[in-house]
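Numbering (UniProt numbering), first residue to last: 1 to 756.
The C-beta atom is built at its ideal place from N, Cα and C for all residues, glycine as well.
Since the model is a prediction, treat every value here as computed from it, not as a measurement.
Encoded as structure tokens, the structure appears first; notes follow it.
And the structure:
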């Protein structure tokens, strides 16, 4: 379904406003926050009631936070044609600030460094071989791992489960990332849906573009934003939120960002490629990037005047964004002049009036109860994680009837085909060989079918899983366990249907205990095969690679299963394959279960026969002493092992995706700046900073200058303080300070450096 919105231009306001026809839904986006008051004569709120009221109205209680980054440099290794490794700089000593209650738009052509900057400042850009330097602050506070809960990041692609509805996707995020109880989560989700104008489509599936029809592109984008907004972040970063949307939906997203900044006092940072003039007017501040350098950073309204002062006048009746984008794609010799012009500007008196370059005022106060609650939230426990993950996996199966019918048809066709091929196997010498082949093919069919289903189950969810791991929503092992157990009913149903058809058509041993042993082994093998396929699906980014590798791995295991080769004659260096071959253990179980129950195959007195009974067949195959309960234990142990390996694979992938705030680690390469001292909350933290910095080589706190690096290389930084001054700075850490201490003016630091 789509959303129909009529936008009318108000010349006096200068920004689009919703028409009356859509006022019922869009007014929620532009509403003014309301205050919660206590009626006269009522008892004062208890702490639990106060917390509940804050939860239910959390989205209208923002915190003005200035998010600042200083001297960010990011380099990645590249290999030249001679095989030598060199580092390519993607970000050159960038500094900037996003002010609380304002929307900062980051613009630039492809390759300018927009997404790299967003990923770097949030710690979500993981590259173990990359070089990164610089630091970020939330007001006066060094942006540390514990503050990541206060910052949300919305990717360019709408990474959501296509068969979920907007309400379900937002509810899932609220339950797992915040650990909210069911009632509180529902109220919070309802508020988010209302704010995002998703009421009409809240129960329509999100869909998969080009594959599964669902909500419109704008609604899908807002639902994606809702999964982050429900966590009530102080800072919201969005990577090209308007890409792929028509002009109406793009403006509507821009209005939403304005509302989140102005009414909720959030800090909003969004990258945009080439916005329309209407959308451009909705941004308060602008950061222009070209080839990893800053071209302009300041109020959007002042950008035209700034470039005019450089001789680049925006022609009349021209969209400023189109002009800027053309400007940013000029040859590098011209761009270098713009880089130098900006560096001169930030050192001039005119920069004092630029709000994006003014020093940060105030600090996040940790005496705020609500902030403390946000920082101390632990997320969902194991039981809640497993419950929500299991329910979501079950929904995905229930909303995919095509997959069910396809697997059911496959099961019936293979069962009937195998049953007809081995129909009514006789109890004679020829029947011995037929029974061996029939037992083998039933196992192979169930194992391969389950493994292929396991491979196909994970790739559609890989991007969602990695995104949720980046948000630390749940444990990877819990996800893998829930995924396997949600599939369990199908891995019982289809082997049961298969065995009911095949077992009696082939005429295996007619007894209840023989049937149930055979059935249980098939069920165990099917679940093991699914875990095997799912495990391989986690190893490869592309499902085609997993589909190719699974047969290669299973083939040797089937060769030593016992039908094709007597394993007693194997060379010693192949014996280890016997222990890894779960098809062999399954075959031993069904084989002994069948032939151990055949007391008489032929009468050797009256008939010349090789196998007078089932025990003779078992002895000939070398399977003496094996009992089917050993197969039960072996298959269960193998299944546990495969799930541990698969879960571990997901765990490490998720940990890499979460990454770390590398600029916190890089504090070893920075002098103890007054800002870092002001951000310390206790003497313990001060001692931690001191222990980190003692003995390090000082580098300049060069907020907006360029002398620290001519090419953005951290190794080229020149020390701002000498050795003695550095020791003096470090010794100042022993002086107790409070968290709310005023920050040092960045311009004063700059004046000390340049002597101006």
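Within the stretch 482-548, not a single complete beta strand (DSSP E) segment reaches 3 residues in length. When the five nearest sequence neighbours on each side are left out, the beta carbons in the same chain lying within less than 7 angstroms of the beta carbon of residue 351 are those of 345 and 357, in order along the chain. Taking residue 577 as reference, the option from 558, 595, 586 and 285 with the minimal CA-CA separation is 558. With contacts defined as CB atoms closer than 9 angstroms, residue 115 and residue 271 qualify as a contacting pair. Closest option to residue 631, judged by alpha-carbon separation, among 614, 611 and 593: 593. The secondary-structure analysis by DSSP pairs residue 239 across a beta bridge with 271.
Residue pairing from DSSP leaves residue 452 without any beta-bridge partner.
C-alpha of residue 409 to C-alpha of residue 478: approximately 31 angstroms in a straight line. By the Cβ test, the stretch 68-77 is in contact with the stretch 100-120, since at least three Cβ pairs between them sit closer than 8 angstroms. Restricting attention to 588, 458, 293 and 598, the CA atom closest to the CA of residue 507 is found in 598. Between the stretch 253-262 and the stretch 94-112, the count of C-beta pairs closer than 8 angstroms reaches three or more; the two stretches touch. Its Cα nearest to that of residue 238, the residue 221 stands out among 414, 221 and 246.
Rounded to the nearest whole angstrom, the CA to CA distance from residue 642 to residue 533 is 10 angstroms. Put simply, of 110, 203, 83 and 473 the residue whose alpha carbon is nearest the alpha carbon of residue 90 is 110.
Between residue 341 and residue 310 the beta-carbon gap is near 6 angstroms, inside 8 angstroms, which marks them as a contact. Listed in chain order, the non-local C-beta contacts of residue 525 below 7 angstroms within the same chain comprise 443, 446, 447, 586 and 635, local neighbours out to five positions each way being set aside.
The alpha-carbon of residue 424 is positioned some 6 angstroms away from that of residue 505. According to the DSSP assignment, residue 627 belongs to no alpha helix (DSSP H), since it is labelled neither H nor E. Restricted to the stretch 168-201, the alpha helix (DSSP H) segments that are unbroken, complete and at least 4 residues in length are 182-195, listed in chain order. About 13 angstroms separates the beta carbon of residue 266 from that of residue 230, a gap too long to meet the 8 angstroms contact definition. Annotation for residue 279: 242, 250, 251 and 254 place their beta carbon closer than 7 angstroms to its own, counting only its chain and skipping 5 residues before and after. Residue 583: member of the alpha helix (DSSP H) spanning 582-595, first to last residue. Minimum Cα-Cα distance from residue 459 among the listed residues 429, 277 and 544 corresponds to 544. Rounded to the nearest whole angstrom, the CA to CA distance from residue 294 to residue 321 is 16 angstroms. For residue 90, no alpha helix (DSSP H) run applies; the uninterrupted beta strand (DSSP E) run containing it begins and ends at 85-98, by DSSP. Beta-bridge partners of residue 75 (DSSP): 89 and 131. Non-local C-beta neighbours of residue 324 in its own chain, meaning closer than 7 angstroms and more than five positions away in sequence, comprise 107 and 288, ordered along the chain. In the three-state reduction of the DSSP assignment, residue 298 falls in the strand class.
Our two residues, residue 440 and residue 198, have alpha carbons roughly 54 angstroms apart in a direct line.
Distance from the CA atom of residue 164 to the CA atom of residue 312, rounded to whole angstroms, is 49 angstroms.
Every alpha helix (DSSP H) stretch that sits fully inside the stretch 388-456 and reaches 4 residues is listed by chain position as 401-421. Contact between residue 476 and residue 650 holds, since their C-beta atoms are separated by about 4 angstroms, short of 8 angstroms.
Using a Cβ distance threshold of 9 angstroms, residue 162 and residue 206 count as a contacting pair.
Cβ atoms of residue 623 and residue 591 come within 8 angstroms of each other, at about 6 angstroms. Between the alpha carbons of residue 178 and residue 618 lies a gap of roughly 59 angstroms.
For residue 153, the uninterrupted beta strand (DSSP E) run begins and ends at 151-154, by DSSP.
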